[in-house]
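Everything below concerns the one structure shown next.
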Amino acid sequence: MAAPSSQPSLPRSPLALCIPTNCLPGLNTAASESSPLANPRARLSPATSSSPRPRPRPPADYLYHPHQPKSLAGIATRAFALGSAFALGVAGTLALVLHTPSPLWRLPFFAAALALFHFLEFWTTAAYNTRAAETSSFLLTSNWPGYAIAHTFASLECLASTLLWPGATWLPFPGARAVLGVALVAVGQAVRTVAMVRAGRSFNHLVQHRRNSGHVLVTGGIYGWLRHPSYFGFFWWALGTQLAMGNAASLVGFAVVMWQFFSGRIRREEESLVRFFGAEYVEYRRRVGTLIPFVP
Numbered sequence: 000m001a002a003p004s005s006q007p008s009l010p011r012s013p014l015a016l017c018i019p020t021n022c023l024p025g026l027n028t029a030a031s032e033s034s035p036l037a038n039p040r041a042r043l044s045p046a047t048s049s050s051p052r053p054r055p056r057p058p059a060d061y062l063y064h065p066h067q068p069k070s071l072a073g074i075a076t077r078a079f080a081l082g083s084a085f086a087l088g089v090a091g092t093l094a095l096v097l098h099t100p101s102p103l104w105r106l107p108f109f110a111a112a113l114a115l116f117h118f119l120e121f122w123t124t125a126a127y128n129t130r131a132a133e134t135s136s137f138l139l140t141s142n143w144p145g146y147a148i149a150h151t152f153a154s155l156e157c158l159a160s161t162l163l164w165p166g167a168t169w170l171p172f173p174g175a176r177a178v179l180g181v182a183l184v185a186v187g188q189a190v191r192t193v194a195m196v197r198a199g200r201s202f203n204h205l206v207q208h209r210r211n212s213g214h215v216l217v218t219g220g221i222y223g224w225l226r227h228p229s230y231f232g233f234f235w236w237a238l239g240t241q242l243a244m245g246n247a248a249s250l251v252g253f254a255v256v257m258w259q260f261f262s263g264r265i266r267r268e269e270e271s272l273v274r275f276f277g278a279e280y281v282e283y284r285r286r287v288g289t290l291i292p293f294v295p
């Protein structure tokens with residue numbers, strides 16, 4: 000038994016068998032193949048040739064492809080580079096501290112602190128705010144190029160002061176100052192990471208001006224002691240790096256620039272938080288401070 004045809008069957012008119020098309024009234028004798036009379040099936044099927052073809056949908060996992068926001072290759076490359084920098088920085092610091100009197104240990108220490116900071120920014124986001132994790136969560140190009148220029152200047156200041164004036168000290172109590180700097184780096188990093196963990200889905204690297212379903216006002220844990228613990232952590236972490244490195248110029252520059260940045264950012268962010276949470280946030284702001292100088 001033959002399979003039924005997928006094309007509709009057309010009635011065979013007697014006129015179609017015995018009358019030429021050029022004899023029909025009003026029909027051009029040079030009827031083309033595209034004419035419905037010359038090709039009756041054209042009247043029954045849509046004109047697909049003139050309609051635009053639908054654009055192909057990207058694959059469901061395209062965000063994880065190279066050069067995309069959640070590129071797995073990009074994440075792996077950045078994590079490998081930061082891990083290598085951290086390992087080399089720690090090894091260099093220990094080798095110089097344990098086996099030489101040279102103050103150059105401050106440079107690999109700075110590299111290790113930077114590598115750990117940027118790695119933990121992504122890791123904490125990926126672990127506790129997974130949907131927000133992207134290659135940009137490493138913050139490697141955040142505030143570019145000012146951020147890179149500041150750290151490059153700090154490294155060059157430390158290197159130049161060590162090589163050109165090896166016995167000079169620009170800040171008093173060099174030993175105690177270095178210990179204080181390392182302690183501030185450790186405390187600042189710990190506070191920032193704990194703050195990101197505690198906030199979870201409510202934490203974002205960008206100031207949010209619209210409240211989404213995941214936003215809740217976090218006031219417990221470390222947020223009961225500090226109103227903006229992640230900002231507190233980074234502020235004192237950055238100053239700690241410059242104290243440990245003995246950089247007088249960079250210490251002053253970092254303090255001024257970061258105070259301007261965080262004071263403005265906190266003001267803008269709290270305008271949104273008051274809109275989101277109303278009197279609840281106003282009362283929280285009244286009770287809990289920032290512990291950033293001159294930022295109430």
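The sequence shown runs 0 to 295 under numbering that gives the first Met the number 0. Glycine included, every Cβ here is placed at the ideal spot set by N, Cα and C. No experiment lies behind these values; they were computed from the predicted model shown.
Take the alpha-carbon of F116 and the one of A149: they are about 16 Å apart.
The C-alpha of G252 lies about 10 Å from the C-alpha of L238. With contacts defined by Cβ atoms closer than 9 Å, F276 and L205 do not form a contacting pair. Residue range 145-163 is occupied by the alpha helix (DSSP H) that includes F152. The C-beta of Q241 has 16 or more other C-beta atoms within 10 Å across all chains shown, which makes the residue buried. Beta-bridge analysis with DSSP links V294 to I291. Counting the other Cβ atoms within 10 Å of the Cβ of A132 gives 16 or more, which makes it buried.
Under the three-state reduction of DSSP output, G219 falls in the coil class, being neither helix nor strand. Less than 9 Å separates the beta-carbon of G88 from that of A114. According to the DSSP assignment, Q241 belongs to the alpha helix (DSSP H) that extends over 228-244. For F293 and S262, the gap between their C-alpha atoms comes out near 8 Å. If the five residues before and after N246 are omitted, its C-beta is found closer than 7 Å to the C-beta atoms of A153, E156, C157, all from its own chain and listed in chain order. When rounded, the separation of the alpha-carbon atoms in R285 and T168 is 42 Å. The region 66-78 makes contact with the region 120-135, as at least three CB pairs between them are under 8 Å.
When DSSP states are grouped into helix, strand and coil, L62 belongs to the helix group. Using a Cβ distance threshold of 9 Å, A111 and F85 count as a contacting pair. Along the region 238-283, the alpha helix (DSSP H) occurs as fully enclosed runs of 4 or more residues at 247-276, listed in sequence order. Collapsing the DSSP output to three states places R54 in coil. As the crow flies, the alpha-carbon of L138 is around 17 Å from that of A189. Here the C-alpha atom of E270 lies approximately 20 Å from the C-alpha atom of R200.
Put simply, the backbone Cα of Q259 is about 21 Å away from that of V287. Annotation: A177 to V193 spans about 24 Å, alpha carbon to alpha carbon. In terms of CA proximity to G219, R197 leads the group F233, R197, W143. Listed in chain order, the beta strand (DSSP E) elements of length 3 or more contained wholly in the region 69-104 amount to none. Assigned with DSSP and collapsed to three states, G180 falls in helix.
For R191, same chain residues with a beta-carbon under 6 Å away, outside a window of 5 residues either side, are S229, G232, F233 in chain order. Distance between A125 and R210, taken at the CA atoms: about 21 Å. Only exposed fits E282, as fewer than 16 other CB atoms lie within 10 angstroms of its CB. Exposure of L162 is indicated by the presence of fewer than 16 other C-beta atoms within 10 angstroms of its C-beta.
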